[in-house]
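Numbering (full-length UniProt numbering), first residue to last: 1 to 112. Quick notes on the structure that follows.
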């Protein structure tokens, strides 16, 4: 869980978005949340984000420090203001609004 994309790369700058996703193991909701946030990040923030995925079963101290009471929970740390989203992140329009990102048109028309 300590993977960073380019810790020593001189080309890399600070990410525009810092997101922390707190999950509960490999439950269906957690799996969907991971898949959904990765899809959103790759489509809307490619190369401009840092995503930390924390399994609260493996790191309960982090969940306690962040006062996580439900999972999955996404915390947008940066840019400010800090926002929290609870659930599997399948309601894309609400996730994009919380992340302050515009809704892009879907070429096949099957957005929701």
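Note that the Cβ used here is the ideal one computed from N, Cα and C, for glycine as well. These numbers come from a predicted model, not from an experiment.
Q) What does a CB cutoff of less than 6 Å around residue 9 pick up in its chain, not counting 5 residues either side in sequence? A) Per-residue confidence for residue 9 stands at a pLDDT of 39, beneath the threshold of 50, marking its modelled position as unreliable; no derived number is given.
Q.
Please return the same chain residues whose Cβ sits closer than 6 Å to the Cβ of residue 92, not counting the five positions on each side in sequence.
A. So no residue of the chain qualifies.
Q.
For the stretch 50-57 against the stretch 94-108, do three or more pairs of beta-carbon atoms, one drawn from each stretch, fall closer than 8 Å, so that the two count as touching?
A. No contact exists between the stretch 50-57 and the stretch 94-108.
Q) Do the CB positions of residue 22 and residue 73 come within less than 7 Å of each other? A) Cβ distance < 7 Å, so residue 22 and residue 73 count as in contact.
Q) What are the boundary residues of the alpha helix (DSSP H) that includes residue 37? A) 28-44 is the extent of the alpha helix (DSSP H) around residue 37.
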